[in-house]
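**Q**
There are 2 protein chains.
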Amino acid sequence: MAVRIATLFIYLFIHLFTVLSSAEAAEKTAQPWKLDGREVPIPLGSSQSLQNSLRGIDQPNVAARIKQAPRNRQQWDQMISERAEARNIPLDQVEKMMSVKIDQTAISGVNAYWVTPAKASKEHKNHLMLYVHGGAYVFGGGDASVFEASIISNSSGIRVLSIDYRMPPEHPFPQAVEDTVSVYQEILKRYEPNQIAFGGTSAGGGLALAVAHKIKDLGLPQVGAIYAGTPWADLTKTGDTLYTNEGLDRVLVTYDGMLKAAALLYANGNDLKSPLLSPVYGNFEGYPPTILVTGTRDMFLSDTARTHQKIRAAGGAADLLVLEGLSHAGYMFDLKSPESQLTYQEISKFLKTHLQN
Amino acid sequence: MAVRIATLFIYLFIHLFTVLSSAEAAEKTAQPWKLDGREVPIPLGSSQSLQNSLRGIDQPNVAARIKQAPRNRQQWDQMISERAEARNIPLDQVEKMMSVKIDQTAISGVNAYWVTPAKASKEHKNHLMLYVHGGAYVFGGGDASVFEASIISNSSGIRVLSIDYRMPPEHPFPQAVEDTVSVYQEILKRYEPNQIAFGGTSAGGGLALAVAHKIKDLGLPQVGAIYAGTPWADLTKTGDTLYTNEGLDRVLVTYDGMLKAAALLYANGNDLKSPLLSPVYGNFEGYPPTILVTGTRDMFLSDTARTHQKIRAAGGAADLLVLEGLSHAGYMFDLKSPESQLTYQEISKFLKTHLQN
Numbered sequence: 506m507a508v509r510i511a512t513l514f515i516y517l518f519i520h521l522f523t524v525l526s527s528a529e530a531a532e533k534t535a536q537p538w539k540l541d542g543r544e545v546p547i548p549l550g551s552s553q554s555l556q557n558s559l560r561g562i563d564q565p566n567v568a569a570r571i572k573q574a575p576r577n578r579q580q581w582d583q584m585i586s587e588r589a590e591a592r593n594i595p596l597d598q599v600e601k602m603m604s605v606k607i608d609q610t611a612i613s614g615v616n617a618y619w620v621t622p623a624k625a626s627k628e629h630k631n632h633l634m635l636y637v638h639g640g641a642y643v644f645g646g647g648d649a650s651v652f653e654a655s656i657i658s659n660s661s662g663i664r665v666l667s668i669d670y671r672m673p674p675e676h677p678f679p680q681a682v683e684d685t686v687s688v689y690q691e692i693l694k695r696y697e698p699n700q701i702a703f704g705g706t707s708a709g710g711g712l713a714l715a716v717a718h719k720i721k722d723l724g725l726p727q728v729g730a731i732y733a734g735t736p737w738a739d740l741t742k743t744g745d746t747l748y749t750n751e752g753l754d755r756v757l758v759t760y761d762g763m764l765k766a767a768a769l770l771y772a773n774g775n776d777l778k779s780p781l782l783s784p785v786y787g788n789f790e791g792y793p794p795t796i797l798v799t800g801t802r803d804m805f806l807s808d809t810a811r812t813h814q815k816i817r818a819a820g821g822a823a824d825l826l827v828l829e830g831l832s833h834a835g836y837m838f839d840l841k842s843p844e845s846q847l848t849y850q851e852i853s854k855f856l857k858t859h860l861q862n
Numbered sequence: 506m507a508v509r510i511a512t513l514f515i516y517l518f519i520h521l522f523t524v525l526s527s528a529e530a531a532e533k534t535a536q537p538w539k540l541d542g543r544e545v546p547i548p549l550g551s552s553q554s555l556q557n558s559l560r561g562i563d564q565p566n567v568a569a570r571i572k573q574a575p576r577n578r579q580q581w582d583q584m585i586s587e588r589a590e591a592r593n594i595p596l597d598q599v600e601k602m603m604s605v606k607i608d609q610t611a612i613s614g615v616n617a618y619w620v621t622p623a624k625a626s627k628e629h630k631n632h633l634m635l636y637v638h639g640g641a642y643v644f645g646g647g648d649a650s651v652f653e654a655s656i657i658s659n660s661s662g663i664r665v666l667s668i669d670y671r672m673p674p675e676h677p678f679p680q681a682v683e684d685t686v687s688v689y690q691e692i693l694k695r696y697e698p699n700q701i702a703f704g705g706t707s708a709g710g711g712l713a714l715a716v717a718h719k720i721k722d723l724g725l726p727q728v729g730a731i732y733a734g735t736p737w738a739d740l741t742k743t744g745d746t747l748y749t750n751e752g753l754d755r756v757l758v759t760y761d762g763m764l765k766a767a768a769l770l771y772a773n774g775n776d777l778k779s780p781l782l783s784p785v786y787g788n789f790e791g792y793p794p795t796i797l798v799t800g801t802r803d804m805f806l807s808d809t810a811r812t813h814q815k816i817r818a819a820g821g822a823a824d825l826l827v828l829e830g831l832s833h834a835g836y837m838f839d840l841k842s843p844e845s846q847l848t849y850q851e852i853s854k855f856l857k858t859h860l861q862n
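Sequence lines, in order, name chains H and G.
Remember, our numbering sits 505 above the position in the first sequence when you count from 1.
Remember, our numbering sits 505 above the position in the second sequence when you count from 1.
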């Protein structure tokens with residue numbers, strides 16, 4: 506179990522751009538982080554497990570890695586392939602860890618994975634989540650795309666279809682949006698729209714939000730619910746917490762490195778403020794009920810809160826969970842932590858409330 | 506109207522510990538704030554009115570004032586009386602500004618104000634909010650205590666009773682809790698518990714949350730809803746954003762000045778982590794439905810989010826609104842701003858959803 510959890514940690518840090526060396530981690534003590542002239546202590550209002558995991562972070566090392574951004578196609582290809590290799594949890598291991606069954610498929614020419622929970626919830630008998638993975642629109646594809654899909658399938662007891670949408674350098678925007686919409690249209694032959702949820706974290710959260718805008722543009726019926734975990738809802742450097750939480754977010758660390766480079770690679774010359782790239786700039790009239798999750802140290806706290814604000818201001822249903830001391834997507838790091846448990850419990854409640862039978 | 510809004514601004518800044526000089530403000534331009542080694546720009550994802558008001562802040566001046574904390578009884582008395590004098594909007598002016606009628610009364614020996622909206626909502630015909638003002642448990646009493654009570658009465662169309670609970674130095678903890686409970690017990694003779702809401706901002710938000718714990722301890726029936734605006738839910742220096750938003754929050758600025766001094770004055774030697782002083786440490790089983798409001802630059806963002814987390818983890822209903830770029834209680838500064846409008850619109854919806862007829 507210890508090995509399995511260690512693997513999980515390493516997997517997730519890679520998935521979310523950074524690498525944690527467990528050897529280094531073990532040596533660290535509870536020192537405050539040093540940022541500019543400030544000392545910022547471990548958040549004592551967070552759970553013990555989150556506090557412990559923060560004590561293990563090699564802060565300067567994380568910052569150095571995150572600032573490295575590929576500068577050309579060759580460097581991107583190399584980084585993508587290195588990360589794909591490092592991300593080597595075989596599907597049968599994920600199945601075991603998460604008590605799900607995973608079946609690879611292709612829908613409308615897009616690679617995808619059916620994730621079926623061992624313990625299906627009766628309430629979700631007729632429901633499906635279409636899941637789109639994170640990874641800054643560049644990483645996290647292939648078998649790795651089933652990870653959070655499996656967590657949700659297991660915790661909610663819902664069937665999930667994880668969509669391995671195509672990505673840059675080969676397939677930049679709008680491929681991710683188009684692949685997801687194609688799959689949705691195919692799935693609409695088997696499910697009612699309000700029996701379907703979209704879900705995703707980070708770039709996946711942003712993509713889920715953008716696809717809902719696209720669906721409206723196309724005049725297709727909207728889904729019943731959206732889960733947007735700390736969504737990359739704005740590819741520009743606008744959100745307040747991109748500045749205020751710089752260096753405090755242990756995962757994203759800064760916009761001015763990998764994030765910015767990935768935004769430009771994905772956008773491929775298109776306006777970064779297009780609602781299909783940065784969904785926070787879209788029109789939220791008639792938007793589906795959406796649950797959003799973030800943390801006080803998340804650099805995407807602002808983009809998450811801004812999205813929540815916009816849906817509410819447009820009269821829609823939106824639910825926001827902000828977890829004390831949590832960095833970007835931190836709820837995926839330690840699934841036994843109270844922060845993670847609360848996140849997936851609230852997603853489960855939200856889906857059960859908003860999806861129709 | 507311009508004068509009225511300027512008066513409002515000055516009133517509110519005083520109310521929340523700081524003084525804005527409009528002359529100084531007019532000279533300022535859109536320069537990033539300088540904090541330690543960092544430059545933090547105006548939050549461009551906030552409304553134009555919030556951005557404009559931030560451009561007017563004399564940042565170093567605010568910081569200097571907030572760090573001044575009275576050191577003895579005489580200094581406290583002086584500061585309390587200076588602030589009370591500065592806070593000189595007569596009740597008839599508040600009535601006119603907010604379209605409410607205000608009637609002073611005494612309930613169970615506690616000074617209080619009935620606030621009746623000119624446009625009463627039919628849905629709130631049988632409802633009452635018991636409002637407890639902010640001001641770090643030291644300031645904001647007397648006629649000044651009707652201010653946000655009047656905003657809520659007007660925006661929700663609900664009758665409000667603003668409780669001018671007694672405060673230190675003369676009446677430290679637990680007087681504020683006891684006065685509020687006494688009034689509640691008296692009001693229970695005229696209203697059903699689930700027709701009553703508690704509400705307040707800052708210390709008032711913390712007090713509203715603490716009183717709900719006390720009501721449970723006493724075996725009294727719980728209210729139907731609570732509004733806790735950026736509640737001072739933890740008097741200790743624990744919440745993550747007390748550190749991460751230090752100097753960024755234009756209102757509170759730092760814990761290590763007035764806030765800490767006021768906490769110690771109010772607690773009067775009692776354990777700061779007692780749930781009646783710091784309600785975040787209480788047991789939230791069976792807690793009333795609660796709406797919480799904060800902002801990304803609020804030093805009490807963490808205490809607000811931690812309270813939300815605890816109510817949810819205990820299976821209760823809690824709704825969290827986080828406003829982009831907003832400092833502590835910023836929704837009270839400019840009532841025409843989108844941030845303020847959304848806040849009071851959401852409070853109104855929440856009360857209509859949760860109070861019973």
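Using N, Cα and C, we set each Cβ at its ideal position, and we do this for glycine too.
Quick caveat, the model's predicted, so the values are computed rather than measured.
#1: Return yes when the Cβ of valine 688 (chain G) is within less than 8 Å of the Cβ of valine 605 (chain G), no when it is not.
#2: For the alpha helix (DSSP H) that contains threonine 858 (chain G), what are its first and last residues?
#3: Which whole-angstrom value is the C-beta distance of methionine 603 (chain H) and serine 650 (chain H), which I expect to be below 8 Å?
#4: Using Cβ-Cβ distances below 8 Å, what residues of the segment 607-629 of chain H are close to chain G?
#5: Since glutamine 564 (chain G) meets chain H, which of its residues come closer than 7 Å, beta carbon to beta carbon?
#6: Confirm, please, whether the CB-CB distance from alanine 713 (chain G) to glycine 705 (chain G) is below 8 Å.
#7: Where do the N-terminal and C-terminal ends of the beta strand (DSSP E) with lysine 624 (chain G) fall, by residue?
#8: Let me make sure I understand the geometry here. Which of H:Lys765, H:Leu635 and H:Arg811 has the alpha-carbon closest to that of alanine 738 (chain H)?
#9: When we look at the beta-carbon of lysine 815 (chain G) and count the other beta-carbons within 10 Å, is it buried (16 or more) or exposed?
#10: Below 8 Å between beta carbons: does that hold for threonine 809 (chain H) and threonine 795 (chain H)?
#11: Check whether the Cβ of threonine 858 (chain G) lies closer than 8 Å to any Cβ atom in chain H.
#12: Below 8 Å on the Cβ atoms is my contact criterion, and I expect isoleucine 720 (chain H) with leucine 635 (chain H) to pass it. Report the Cβ-Cβ distance as a whole number of Å.
#13: Between the segment 766-777 of chain H and the segment 578-590 of chain G, do three or more beta carbon pairs fall short of 8 Å?
#14: Since glutamine 609 (chain H) sits in a beta bridge, which residues does DSSP pair it with?
#15: Excluding sequence positions up to five away, which residues of its chain have a Cβ less than 6 Å from the Cβ of tyrosine 836 (chain G)?
#16: Residues of the segment 762-792 of chain H in Cβ contact with chain G at a cutoff of 7 Å, in chain order, please.
#17: Could one say the Cβ of leucine 847 (chain H) lies closer than 8 Å to chain G's Cβ atoms, at least one of them?
#18: Give a yes or no on whether the minimum CB-CB distance between valine 567 (chain H) and chain G is below 8 Å.
#19: Which runs of the alpha helix (DSSP H), 4 residues or longer, sit entirely within the segment 667-741 of chain H?
#20: Is arginine 755 (chain H) near isoleucine 594 (chain H), with beta carbons less than 8 Å apart?
#21: Kindly indicate which three-state DSSP category valine 643 (chain G) falls into: helix, strand or coil?
#22: Since glutamate 851 (chain H) and arginine 817 (chain G) should fall inside the 8 Å C-beta cutoff, what is the C-beta to C-beta distance between them, to a whole number of angstroms?
#23: For aspartate 608 (chain G), does the count of other Cβ atoms within 10 angstroms reach 16, so buried, or fall short, so exposed?
#24: Within its chain, find whatever has a CB closer than 7 Å to the CB of proline 726 (chain G); leave out the 5 residues flanking it on each side and keep chain order.
#25: List the residues of chain H that tyrosine 748 (chain G) touches, going by C-beta distances under 7 Å, in chain order.
#26: Apply the 10 Å Cβ neighbour rule to arginine 695 (chain G) and answer buried if 16 or more other Cβ atoms are within range, or exposed otherwise.
#27: Taking 8 Å as the threshold (C-beta atoms), are alanine 568 (chain G) and valine 758 (chain G) in contact?
#28: Looking only at C-alpha atoms, which of H:Leu666, H:Gly724, H:Val643 and H:Gln690 sits nearest to alanine 708 (chain H)?
#29: Are the segment 821-833 of chain H and the segment 759-766 of chain H touching, with three or more C-beta to C-beta distances below 8 Å?
#30: Just the C-alpha distance for threonine 534 (chain H) and asparagine 557 (chain H), rounded to the nearest angstrom, thanks.
#31: Mind checking alanine 871 (chain G): buried by the 16 CB within 10 Å criterion, or exposed?
#32: Helix or strand or just coil, what does DSSP make of lysine 765 (chain G)?
#33: State yes or no: is the beta carbon of alanine 641 (chain H) nearer than 8 Å to at least one beta carbon in chain G?
#34: So which residues on chain H does glutamine 814 (chain G) lean against when the C-beta distance must stay under 7 Å?
#35: Could you list which residues in chain H have their beta carbon closer than 8 Å to that of alanine 810 (chain G), in chain order?
#36: What does leucine 864 (chain G) reach in chain H if we use C-beta pairs closer than 7 Å?
**A** Answer, in terms of the structure:
#1: No; because the gap between Cβ atoms is not below 8 Å, this pair is not in contact.
#2: 843-859 is the span of the alpha helix (DSSP H), which, as asked, contains threonine 858 (chain G).
#3: With 8 Å as the limit, methionine 603 (chain H) and serine 650 (chain H) do not qualify as a contact, their Cβ atoms being about 14 Å apart.
#4: Cβ contacts with chain G come from no residue of the segment 607-629 of chain H.
#5: None at all; the shortest Cβ gap to chain H is about 14 Å.
#6: A contact, by the Cβ cut-off of 8 Å.
#7: Lysine 624 (chain G) -> no beta strand (DSSP E), and no H or E assigned at all.
#8: The shortest Cα separation from alanine 738 (chain H) among H:Lys765, H:Leu635 and H:Arg811 belongs to H:Arg811.
#9: The residue in question, lysine 815 (chain G), is buried, as its Cβ has 16 or more Cβ neighbours within 10 Å.
#10: No, the Cβ-Cβ distance between threonine 809 (chain H) and threonine 795 (chain H) is not below 8 Å.
#11: No, its Cβ sits nowhere closer than 8 Å to a Cβ of chain H.
#12: Rounded, the Cβ-Cβ distance is 11 Å, inconsistent with contact.
#13: No: the two stretches stay apart, fewer than three of their Cβ pairs being nearer than 8 Å.
#14: For glutamine 609 (chain H), which the question treats as bridged, DSSP gives the partners H:Tyr618.
#15: Answer for tyrosine 836 (chain G): Glu844, Ser845 and Thr848, listed in chain order.
#16: From the segment 762-792 of chain H, no residue has a Cβ closer than 7 Å to chain G.
#17: Closer than 8 Å: yes.
#18: Chain G, which has no Cβ nearer than 8 Å to the Cβ of valine 567 (chain H), makes this no.
#19: List check, alpha helix (DSSP H) in window: 680-692 and 708-722.
#20: No, the Cβ-Cβ distance between arginine 755 (chain H) and isoleucine 594 (chain H) is not below 8 Å.
#21: If DSSP states are grouped into helix, strand and coil, valine 643 (chain G) belongs with coil.
#22: Confirmed, about 6 Å.
#23: Answer is exposed; the Cβ neighbour count stays below 16.
#24: Cβ neighbours of proline 726 (chain G) beyond the five flanking positions: Pro698.
#25: Here the neighbours are Val545 and Pro546.
#26: It counts as exposed.
#27: A contact, by the Cβ cut-off of 8 Å.
#28: Nearest of H:Leu666, H:Gly724, H:Val643 and H:Gln690 to alanine 708 (chain H), Cα basis: H:Val643.
#29: Result no; under three Cβ-Cβ pairs closer than 8 Å.
#30: Bear in mind that a pLDDT of 47 at threonine 534 (chain H), under 50, signals an unreliable position, so the model cannot answer this.
#31: Outside the displayed range of chain G (506 to 862) lies residue 871 (chain G), so it cannot be described from this structure.
#32: Annotated three-state conformation of lysine 765 (chain G) is helix, per DSSP.
#33: Taking Cβ atoms only, chain G never reaches closer than 8 Å to alanine 641 (chain H), which makes this a no.
#34: Proximity of chain H to glutamine 814 (chain G) at the Cβ level (cut-off 7 Å) is accounted for by Leu828, Glu829 and Leu847, in chain order.
#35: Within chain H, the residues near alanine 810 (chain G) are Thr801, Val827, Leu828 and Glu829.
#36: With chain G covering 506 to 862 only, the question about residue 864 (chain G) has no answer from this structure.
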